[in-house]
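To start, the structure itself, in structure tokens.
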Amino acid sequence: MKAPDDPDDGVRAVEATLFAAEEPLGIDDIAAYVGEGVDVRSALAELAEHYAGRGVELVERGRRWHFQTAADLAHVLRREREESRRLSRAAVETLAIIAYHEPVSRAEIEAIRGVQISKGTLDVLMEAGWVRPAGRREGPGRPLTYATTQAFLTHFGLASRRDLPGLDDLRAAGLLDPVDLAMERLTDGDGEAELESDAEDA
Amino acid sequence: MKAPDDPDDGVRAVEATLFAAEEPLGIDDIAAYVGEGVDVRSALAELAEHYAGRGVELVERGRRWHFQTAADLAHVLRREREESRRLSRAAVETLAIIAYHEPVSRAEIEAIRGVQISKGTLDVLMEAGWVRPAGRREGPGRPLTYATTQAFLTHFGLASRRDLPGLDDLRAAGLLDPVDLAMERLTDGDGEAELESDAEDA
Amino acid sequence: MDDEDETFELVRPGSDEDRLTLDLDGWEGPLDLLLTLARAQKVDLARISILALVEQYLAFIADAKKLKLEIAADYLVMAAWLAYLKSCLLLPKDPDIEPSPEELATRLQLRLQRLQAMREAGARLMARDRIGRDVFLRGRAEGLTVVRRATWRVDLYDLIAAYGVVKARTEPALHVVARRPVMTLDEAIQRLERLVGAGVEWTALEAFLPDTPDPNYRRSALASSFVATLELARRGRLAIAQEGIFAPIYVRAA
């Protein structure tokens, strides 16, 4: 029965492990299950190729791997149009600001949006598991900063933060720099501005 | 990128549907997802053949279909992890009482300890393989008694229970001096889970 | 008013509320409102006319007031600031004003650009193939199991020491108390009361301490006797005198 292109047992073991897993696994996690003798990295490459173009695909999200259905089959699988968790506009903007600026303090988020963050906004994002506190920044007031999580990458189908849509363009246009810095650039004209991460004008 | 043997969209839709399904699906269930145009039966046959010999298999049980990891890989999906843990003080005391007084009932252990033992304590000792049930004692209530095992002797490097130091030996070694012992326990400080505030102070 | 109609539509797509009941809740603050108005100019934010935008904002607020809509304070603060900016922009240039109105206008423009950029980024993020909406994980994953096997760390010494503790705990240990080199408070009170008697001479407290070679007992006696003097003084039995902090303490019968 076995065709010549049938997978070896190492590949089969990685395949089964990822199929059975309830959450995305890193290479080390997989290795802990399949054992020493298996080259997990090359098995993953082989599997990704094998599943490409099928109804189920192997994807990497922030150095973790999982199987998911192919995006173009969404119409088949979508049971209801309604999104289970519909984010408020404030939450969407806040999430985008954190993702594109992380680590970023609350004051910086508020400076960009021009309004205070209402109480529930960050909570909702943290509850969804997309945002986490990312330590305090050295400096006046030692503000707490926020960053996105592994689950954020997984949920939004990003292999890494570099995959954020339009990230390079935004960076090139200076739109991720604070207003003060952009102002300095405009007035100096030489583009050599000192990086100042602290809050913009109110 | 597409190889000639790549699946058509009908097969892909059936594949994705079964992958995402929360329970095994009958042919009608699948058809309800993938729509009229798909020959579900032949798609299933194609998928079953495709997955044969892989780490994941398509199986039919009572006219319902689902994916499952290959049976021969079951051992991969579970792994053991050894955790070195410190035995709680309650467990050590209970073990010591059993060793010195076996066979001994739970009520007797509690009488000797002067403190009740929690449900899990004996379980832990039996799970470790050091204590075994040693029959019921004739008398009121016919209580179950406990004794130590060969594994207990092996672990503690004892040829037999007679090798345990007697009370005189303990006294000579200062192990019956309550002040010293209380001090030792205070400085031990390994965060006992069991709360035993009574009877410590001399 | 026609302009504003369009604006309401822009901001609140799908809103079927009667427009007369609209207030400013539809906007996430004055910057958001400004951005909406700016986008109605249908030009690149980089080339937008700040002056025209200011006019629009002020007109909008004025209309909202006419309709007696509730206007939050921060919208009014922004209106006041924009009115100031407008007057500065229209007046002849005054080089002494820092920052210049042009700089303020540019800053406003930069802020609008940044908010706009993040709004678009958020929309693109939400439009991605998201798990549970567009792509799906395995519905009934078997799950991976980790079997934890505990290996217990305990040695023979722990065992016999534990037995010693149990025995010590359940056997009465009276001898311990008797051996303690301690003078109790009661003892000290009785002793001091007896020794001071009716003596009216000021006498150092130390003079009343027992003659003992054991420094621990002496320390205990000193502590107990000191507390005893306080207690006896409270009862009106003796008087205490001390010239300064840490100076010798004197007592006599009261």
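Residue numbers (the numbering used here), protein chains in the order written: chain A, 1 to 202; chain B, 1001 to 1202; chain C, 2001 to 2254.
Here a beta-carbon is modelled for each residue, glycine too, at the ideal position from N, C-alpha and C.
Identify the continuous beta strand (DSSP E) that holds residue i and give its terminal residues.
| i | result |
| --- | --- |
| Trp-1065 of chain B | 1064-1069 |
| Gly-1135 of chain B | 1131-1136 |
| Trp-2027 of chain C | Note, Trp-2027 of chain C: premise wrong, no beta strand (DSSP E); not H, not E. |
| Val-2147 of chain C | 2145-2153 |
Could you check whether the Cβ of residue i sits closer than 9 Å to any Cβ belonging to chain B?
| i | result |
| --- | --- |
| Ala-2178 of chain C | Only weak support is given to the placement of Ala-2178 of chain C: the predicted model assigns it a pLDDT of 46, under 50, and the value that follows is read from those uncertain coordinates. Ala-2178 of chain C does not count as touching chain B. |
| Thr-69 of chain A | yes |
| Arg-2133 of chain C | no |
| Gly-55 of chain A | yes |
| Thr-154 of chain A | no |
| Arg-12 of chain A | yes |
| Leu-25 of chain A | no |
| Asp-6 of chain A | yes |
| Leu-58 of chain A | no |
| Leu-44 of chain A | no |
| Ala-111 of chain A | no |
Suppose you measure from the CA of residue i to the CA of residue j; what does that come to, to the nearest Å?
| i | j | result |
| --- | --- | --- |
| Asp-1039 of chain B | Pro-1007 of chain B | 13 Å |
| Ala-2105 of chain C | Leu-2067 of chain C | 29 Å |
| Thr-69 of chain A | Leu-1095 of chain B | 54 Å |
| Gly-141 of chain A | Asp-123 of chain A | 22 Å |
| Arg-1064 of chain B | Gly-1026 of chain B | 4 Å |
| Phe-1152 of chain B | Val-2154 of chain C | 11 Å |
| Ala-2083 of chain C | Glu-2055 of chain C | 8 Å |
| Gly-10 of chain A | Lys-2042 of chain C | 58 Å |
| Pro-2095 of chain C | Arg-2128 of chain C | 50 Å |
| Glu-184 of chain A | His-50 of chain A | 52 Å |
| Asp-1128 of chain B | Asp-1072 of chain B | Here the sequence assigns Ala to residue 1128 of chain B, which means Asp is not the residue at that position. Computed Cα separation, rounded: 30 Å. |
| Ile-30 of chain A | Trp-2152 of chain C | 28 Å |
| Ala-1020 of chain B | Trp-2027 of chain C | 39 Å |
| Val-2135 of chain C | Glu-1022 of chain B | 15 Å |
Provide the residue span of the alpha helix (DSSP H) that contains residue i, from first to last.
| i | result |
| --- | --- |
| Arg-1078 of chain B | First-last for Arg-1078 of chain B: 1078-1086, but that is the beta strand (DSSP E), not the alpha helix (DSSP H). |
| Glu-2055 of chain C | 2050-2066 |
| Ala-2141 of chain C | Element bounds for Ala-2141 of chain C: n/a, residue is neither H nor E. |
| Asp-28 of chain A | 27-34 |
| Asp-1169 of chain B | 1167-1172 |
| Trp-2202 of chain C | Careful: Trp-2202 of chain C lies outside any alpha helix (DSSP H) and carries neither H nor E. |
| Gly-10 of chain A | 9-20 |
| Asp-123 of chain A | 119-127 |
| Ile-2160 of chain C | 2156-2170 |
| Ala-221 of chain A | Because chain A is modelled from 1 through 202, residue 221 of chain A falls outside the range shown and cannot be assessed. |
Could you check whether the Cβ of residue i sits closer than 9 Å to any Cβ belonging to chain A?
| i | result |
| --- | --- |
| Leu-1181 of chain B | Unreliable placement is indicated for Leu-1181 of chain B, whose pLDDT of 49 sits below 50; no coordinate value is reported for it. |
| Gln-2056 of chain C | no |
| Pro-2095 of chain C | no |
| Gly-1114 of chain B | no |
| Asp-2074 of chain C | yes |
| Ala-1016 of chain B | yes |
| Val-1076 of chain B | yes |
So that I know if they touch, is there some Cβ in chain C lying closer than 9 Å to that of residue i?
| i | result |
| --- | --- |
| Tyr-100 of chain A | yes |
| Ser-1084 of chain B | yes |
| Leu-47 of chain A | no |
| His-1066 of chain B | yes |
| Pro-103 of chain A | no |
Given that a residue counts as buried once 16 or more other Cβ atoms are within 10 Å of its Cβ, and exposed if not, what is residue i?
| i | result |
| --- | --- |
| Gln-2113 of chain C | buried |
| Arg-1085 of chain B | exposed |
| Tyr-2163 of chain C | buried |
| His-66 of chain A | buried |
| Arg-2047 of chain C | exposed |
| Tyr-146 of chain A | buried |
| Phe-2246 of chain C | exposed |
| Lys-2065 of chain C | exposed |
| His-155 of chain A | buried |
| Gly-55 of chain A | buried |
| Ile-98 of chain A | buried |
| Trp-130 of chain A | buried |
| Arg-1136 of chain B | exposed |
Per DSSP, which one or two residues make a beta bridge with residue i?
| i | result |
| --- | --- |
| Arg-2252 of chain C | C:Ala-2239 |
| Gly-1114 of chain B | Partner(s): none; Gly-1114 of chain B has no beta bridge. |
| Glu-60 of chain A | A:Trp-65 |
| Leu-2185 of chain C | Leu-2185 of chain C is not bridged to any residue. |
| Ala-203 of chain A | This structure leaves residue 203 of chain A out entirely; chain A is present only between 1 and 202. |
| Ile-2131 of chain C | C:Val-2135 |
| Ser-1105 of chain B | B:Thr-1145 |
Could you tell me which chain E residues have their CB closer than 8 Å to the CB of residue i, listed as they occur along the chain?
| i | result |
| --- | --- |
| Arg-1079 of chain B | Absence of chain E from the displayed structure is noted, the protein chains being A, B and C. |
Would you say the beta carbon of residue i comes nearer than 8 Å to a heavy atom of the ligand GDP?
| i | result |
| --- | --- |
| Ile-2097 of chain C | Ligands in the displayed structure: none, and consequently the ligand GDP is not present. |
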